[in-house]
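Accompanying notes for the structure given below.
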Amino acid sequence: MDTIAETKPAALNVFSHVSEGDTQYEPGGLRDFFLYRDLGIAAATGGQVVAQLVKANMAPEAGTGWHRHEANFHIVIMLKGWARFMYEDQVTLVKTGDCVHQRPGIVHFLFDYSPDMEYLEIVSPADFTTIDMPAPAAVPAPTPWA
Numbered sequence: 004m005d006t007i008a009e010t011k012p013a014a015l016n017v018f019s020h021v022s023e024g025d026t027q028y029e030p031g032g033l034r035d036f037f038l039y040r041d042l043g044i045a046a047a048t049g050g051q052v053v054a055q056l057v058k059a060n061m062a063p064e065a066g067t068g069w070h071r072h073e074a075n076f077h078i079v080i081m082l083k084g085w086a087r088f089m090y091e092d093q094v095t096l097v098k099t100g101d102c103v104h105q106r107p108g109i110v111h112f113l114f115d116y117s118p119d120m121e122y123l124e125i126v127s128p129a130d131f132t133t134i135d136m137p138a139p140a141a142v143p144a145p146t147p148w149a
């Protein structure tokens, strides 16, 4: 039986080390109210996985809207602050130190977050898609920033 290392070309999995100053937070990611910092994992894995830091850039107003991702694996690890998501019809508070595994295809809505919110997002494949979905439940109002 072949192992993954034997069946994947070496160029698809290379060593990567990204230090704090190597990449910057930038706009232009999936949501315009967040900033994103690429951690170099998509390049190191030939697009198999993306890892990025995501942080709040603007107060929540409309949130992400109801959507799902076409991905095989998706986790969010909250590093600072908090965020409130709707996962289908359930409000879920994700706070510093929490980890969420978003199962493939789960319909969700990030509708509220703290000004200092920052999370690590790891998704496979790196070029996952996002699909708008109808609302399965009402969404609470976000908490206004002072």
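Just so we're aligned: the sequence shown equals residues 4 to 149 in the working numbering. Yeah, the Cβ is synthetic: ideal placement off N, Cα and C, and Gly gets one too. Predicted model only: the values in this text are computed from it and were never measured.
N-terminal and C-terminal residue of the beta strand (DSSP E) that residue i is part of
{"i": "A86", "result": "85-90"}
{"i": "I134", "result": "132-135"}
{"i": "I125", "result": "121-127"}
{"i": "A54", "result": "53-59"}
{"i": "Y39", "result": "37-41"}
{"i": "L96", "result": "93-98"}
{"i": "E73", "result": "70-73"}
Straight-line Cα distance separating residue j from residue i
{"i": "P139", "j": "F18", "result": "42 Å"}
{"i": "T150", "j": "H77", "result": "In this structure the chain extends from 4 to 149, so residue 150 is not present and cannot be described."}
{"i": "M61", "j": "L123", "result": "18 Å"}
{"i": "A34", "j": "L15", "result": "Strictly speaking, residue 34 in this sequence is Arg, with Ala absent from that position. Cα to Cα, the separation comes out at about 28 Å."}
{"i": "S22", "j": "F36", "result": "25 Å"}
{"i": "M120", "j": "V97", "result": "10 Å"}
{"i": "I125", "j": "A149", "result": "31 Å"}
Helix, strand or coil at residue i according to DSSP, with G and I counted as helix
{"i": "I109", "result": "coil"}
{"i": "L33", "result": "coil"}
Does the count of Cβ pairs from the stretch 43-54 and the stretch 96-103 closer than 8 Å reach three? no
Contact between the stretch 34-51 and the stretch 72-91: three or more CB pairs below 8 Å? no
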